[in-house]
Structures are given as C-alpha cells and as structure tokens.
Amino acid sequence: MSADSSGRIIIKPIEKDARTKELITGLLVIWEASVRASHHFLTESDIRDLYPQAEEAIRQIDTLLVTDYDGSPIGFMGIQSGKIEMLFLHPDHFRKGIGRILIQKAFDEYDVQYVDVNEQNPSAVKFYEKTGFRTFRRDAVDDYGNPFPIIRMKRDTASIPEK
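Note that our numbering has the sequence shown beginning at 483, numbered continuously upward.
Quick look at the structure:
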C-alpha cells in the first residue's frame with residue numbers, strides 16, 4: 483500500500499508521540515463529518531458529548547492508522563488488543579473501497595478479530611458483515627452507558643479461504 487503524488491492511498495501508522503495537535507484536530511473533523519453522515523440517531527448534544535471521548539481515543543489508542551489521499555487525511559482506524567475500536571472516513575470517501583482496504587490491513591497485519599458497531603447504524607453493520615464479521619452479542623447500551631445499542635461482532639474465520 484504505497485502512494486505518491488499520483489493520488490494513490492497511503493495508510494500509515496502514527497505512534498502516540500507523533501500524534502500532533504494538528505493531526506488530532508484534523509482527524510476530529512473527519513470523525514465529526516463521518517458521524518453526522520452515518521450516525522443519524524445522535525443528537526447535536528450527543529455529538530458534543532462524544533467529542534472529548536473521540537479526542538481521547540485518537541490520542542490514546544495503541545494503533546492508529548491514518549489514511550491519506552493526495553497527501554491529506556481522509557480517514558483513520560484505531561486498533562487495540564485485536565479489536566477495531568474506531569473506523570471513520572470522510573463522507574466524500576464513503577463506498578469507494580477504502581474501508582474494505584483498512585479492514586483487510588487490520589486482518590493481515592494486526593490480527594483483528596473483533597469490532598463493536600452501533601445497532602442504529604445499519605450501513606455499518608452490513609459493511610462489517612460483508613467484510614467477514616458476524617454478530618455474537620447485542621448490548622442495550624454502549625461502553626460508556628449511553629442508550630445506544632451495540633452489536634458485538636467477531637471475525638468469522640470459517641469463511642476465510644486458506645492461503
């Protein structure tokens with residue numbers, strides 16, 4: 483996955499000590515745009531309340547992969563302990579195969595097995611199902627106790643072709 487000025491996509495890990503205020507601010511812009519385009523169940527107040535949690539998650543997640551296109555960030559994925567904790571793309575880049583590329587990288591290089599998805603975001607649930615995840619549990623609230631049902635998904639290794 484290399485890229486150059488020809489407009490290819492670059493996915494690069496960003497170490498915690500390299501996560502500048504400028505980078506985090508830019509990723510939060512992507513996060514908010516993505517949330518507004520896909521999390522229609524959230525109110526303005528919900529988004530404001532979640533913002534500091536998103537900022538802290540970006541700052542502290544063990545593995546942060548930033549996706550650049552033409553030299554500018556267009557999305558990011560956070561991984562911790564074999565689980566995708568966050569995956570957000572700017573809405574201008576939805577449905578272009580970039581999320582699928584990120585998931586494949588998570589499988590191939592980070593041995594990801596789990597993801598949690600907001601039940602009220604059916605497009606995301608379908609996306610993760612298409613990329614090989616299956617539901618194993620549903621919780622009525624999210625990890626912060628908010629009333630947003632969560633679908634817990636695990637990678638379906640039975641459907642993975644042998645190499």
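C-beta: ideal position from N, C-alpha, C; glycine also. Note that the structure is a prediction, hence the values are computed from the model and not measured.
Per DSSP, the unbroken alpha helix (DSSP H) holding I540 starts and ends at 526 to 542.
For R582, the secondary structure class from DSSP, reduced to helix, strand or coil, is helix. Taking every protein chain shown into account, the CB of G579 has fewer than 16 other CB atoms within 10 angstroms, so this residue is exposed. By the neighbour-count criterion, in which a residue is buried when 16 or more other Cβ atoms sit within 10 angstroms of its Cβ, V623 is exposed. Taking the Cα positions, P629 is about 13 Å away from R620. Membership of I496 in any alpha helix (DSSP H) is not indicated, and neither H nor E is assigned to it by DSSP. By the C-beta density criterion, H572 is buried, having at least 16 other C-beta atoms within 10 angstroms.
Rounded to whole angstroms, the gap between the alpha carbons of D590 and S563 is 15 Å. Under the criterion of beta carbons closer than 8 Å, I566 and E601 do not qualify as touching, at roughly 16 Å. Beta-carbon to beta-carbon, G581 and F609 are separated by about 6 Å, close enough to satisfy the 8 Å threshold. Secondary structure at F576: coil, using DSSP grouped into helix, strand and coil.
Our two residues, R530 and D593, have alpha carbons roughly 33 Å apart in a direct line.
Going by DSSP, F570 is part of the beta strand (DSSP E) stretching over 565 to 571. Beta bridge pairing from DSSP links Q562 with K565.
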